[in-house]
Structures are given as structure tokens and as C-alpha cells.
Amino acid sequence: MSLQQNLKEIAGKIPAGVTLIAVSKTQPAEKISELYAAGHRIFGENRAQELASKYDVLPKDIQWHMIGHLQTNKIKYIAPFVHLIHSVDSEKLLAEINRQGSKLGRIIPCLLQVHIAEEETKFGFSPDEVEHFLASPGLEEMKNVTVRGLMAMATFTSDEEQVRREFRMLRSLFEKLKAGALPPGAAMEELSIGMSGDFQIAIDEGSTMVRVGTAIFGERIKPENK
Ligand SMILES: *Cc1c(COP(=O)(O)O)cnc(C)c1O
2 MSLQQNLKEI
12 AGKIPAGVTL
22 IAVSKTQPAE
32 KISELYAAGH
42 RIFGENRAQE
52 LASKYDVLPK
62 DIQWHMIGHL
72 QTNKIKYIAP
82 FVHLIHSVDS
92 EKLLAEINRQ
102 GSKLGRIIPC
112 LLQVHIAEEE
122 TKFGFSPDEV
132 EHFLASPGLE
142 EMKNVTVRGL
152 MAMATFTSDE
162 EQVRREFRML
172 RSLFEKLKAG
182 ALPPGAAMEE
192 LSIGMSGDFQ
202 IAIDEGSTMV
212 RVGTAIFGER
222 IKPENK
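Per the numbering used here, the sequence shown starts with residue 2, numbered consecutively.
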């Protein structure tokens, strides 16, 4: 099947109101152009420099989503134009995004990445940390970022019930935060969950944004940097 057909097939499984982010990491700009030609405008990347170099050569009405771990010294490559940073995994990173935003006179939309998987990982807030952070005065002082919601990855497992449980746990945190008092500059509007292997479960469990790579582009050839 062609890329355009893959996209159409995936898009057909995604209800209105859920955003499909085509994850184009490691894929050449030509492949992105093929999907652009079919009308798709929303792409995700996990490395700042790769994202910036694709931004440079591709049409400027593409919405670029940063979905991978971001080092503070790489923020500058994407800060001027990035549509949404999904992978804010520490207060320190958010503070630095805020600093870059203020230099540019931009308010940069972000999601807080929450660690829900059983696997050990270095990245992401715990559910408790997210609650504490949103209740602390720190965020209110960051005028050049806006927190729009939460992002997470489920455990990499074929156990669908486990994946569902993890997504459900995140959804309940999301609903709880949404119902509570959020500081100015924060809202719970987007829940970024679901990848090629689990986007249908994520949609059942309340996803508003799915990040789909291999189901559209096929297996990635180049090794990816985690
Ligand atoms: C690569 C990646 C995806 C897409 O994964 P696929 O399994 O290829 O759909 C989604 N989210 C993040 C954070 C990623 O790094």
C-alpha cells in the first residue's frame, strides 16, 4: 500500500475530535511531502534538530509536534515555531521553555508527560508530581508557556488489559485535574495517548491526540535515539 493509502486507512479509524499526529521521525522529508500532498498537516518528531531541519525545507503551514525527550540546550531549535511540545518531563525543562518563549515573545503550548508505564524510565512526572506541580506557584510565574494537558506512553506489552488500565489511570488524573482549580496558563484540554499498537484502546479511553508512526510509514529503518 502507498503511504497515502496507509494514512487514509488510519485516519478512517479515528473519530472526529481526535487529532492524528503522523510521527515522521527518521523518515525523509520526501515522505512527509507525500502525505502533505494528500492534505495532512500535522506531524510529530522526537529529536529537536531533525524537527528543525524538516521545518526548514517543508511548507510552513505544517503543525510540528515535539514528542520526544527534549534537552534544555536543544529547545532553541524548535521554540520559534513548534506547535505543541508533548514531552515536558520536568519543571526545569518547562522553565527553560518559558525562558526561550519570553525571548521570542511567544507563548509556547506544552503538555506534561506523565509516567504511567510499569517499565523503569527516566522521563516523566509521576501522577503525584503533576498534581503538586499544578498546585504550586511555580507555573503561574511562567508567562510564556501554557500547559494544555497530559501525555503518556503505556507499557510496551501485548497485554491489552494492562495498557487499558494505564490509560484509564491517566484519564482519571486528567479528569480530576480538569475538575479542580488549575492555575492561569493551564488547562486540561488535550490527552495525548495512543501509538500504532494501541491507539484504538487509547481512543476508547479518552485520547484527544494519537501519535502514529509505523502504522503509517512502515517500520523505521534508521535506529532511533531514545
Ligand atoms: C515513535 C513515537 C511514537 C510513534 O510510535 P509508533 O509505534 O511508530 O506509532 C509515538 N510517541 C512517541 C513519544 C514516540 O517516540
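C-beta atoms are modelled at their ideal positions from N, C-alpha and C, and glycine is treated no differently.
This one's a predicted model, so the numbers in the text were calculated from it and none came from an experiment.
When DSSP labels each residue in this structure, what does residue i get in the three-state scheme?
i, result
"F82", "coil"
"G45", "strand"
"H133", "helix"
"I22", "strand"
"P16", "coil"
"E231", "In the structure as shown, the chain begins at 2 and stops at 227. Residue 231 is therefore absent and cannot be evaluated."
"R212", "strand"
"M196", "coil"
"F126", "strand"
"N226", "Because the pLDDT at N226 is just 49, under 50, the model does not fix this residue reliably, and the point stays unresolved."
"S173", "helix"
"S54", "helix"
"S159", "coil"
"S34", "helix"
Could you check the C-alpha separation between residue i and residue j for me, to the nearest Å?
i, j, result
"S103", "K144", "8 angstroms"
"F168", "M154", "8 angstroms"
"E176", "L94", "24 angstroms"
"E142", "R107", "15 angstroms"
"N64", "D160", "Here residue 64 turns out to be Gln, not Asn, going by the sequence shown. Rounded to the nearest angstrom, the two C-alpha atoms are 33 angstroms apart."
"I222", "I22", "20 angstroms"
"K227", "T27", "Any reading at K227 is ruled out, since the residue's pLDDT is 44, under 50, leaving its predicted position unreliable."
"L71", "E51", "12 angstroms"
"A136", "E120", "27 angstroms"
"K14", "Q201", "8 angstroms"
"G40", "F218", "16 angstroms"
"T158", "Y56", "33 angstroms"
"P29", "V58", "11 angstroms"
"Q5", "T156", "29 angstroms"
"G125", "E92", "10 angstroms"
"G69", "S25", "12 angstroms"
"G150", "A203", "15 angstroms"
"S197", "V83", "23 angstroms"
"V148", "D129", "17 angstroms"
Span of the alpha helix (DSSP H) holding residue i?
i, result
"T229", "Since the first residue of the chain shown is 2 and the last is 227, residue 229 is not available in this structure."
"E120", "Premise fails: E120 is in no alpha helix (DSSP H) and is neither H nor E."
"Q72", "Here Q72 belongs to no alpha helix (DSSP H), and DSSP marks it neither H nor E."
"A39", "Careful: A39 lies outside any alpha helix (DSSP H) and carries neither H nor E."
"Q103", "Note that residue 103 corresponds to Ser in the displayed sequence, not to Gln. 92-105 is the span of the alpha helix (DSSP H), which, as asked, contains S103."
Check for me: the beta strand (DSSP E) holding residue i runs from which residue to which?
i, result
"L183", "Looking at the DSSP string, L183 is not in any beta strand (DSSP E), and its letter there is neither H nor E."
"L112", "109-114"
"Q64", "64-67"
Open item on the list: With a threshold of 8 angstroms, are at least 3 pairs of Cβ atoms found where one atom belongs to the stretch 209-220 and the other to the stretch 186-196?
Closed with: Result yes; three or more Cβ-Cβ pairs closer than 8 angstroms.
Open item on the list: Does the contact criterion of 3 or more C-beta pairs under 8 angstroms hold for the stretch 80-96 versus the stretch 109-116?
Closed with: yes
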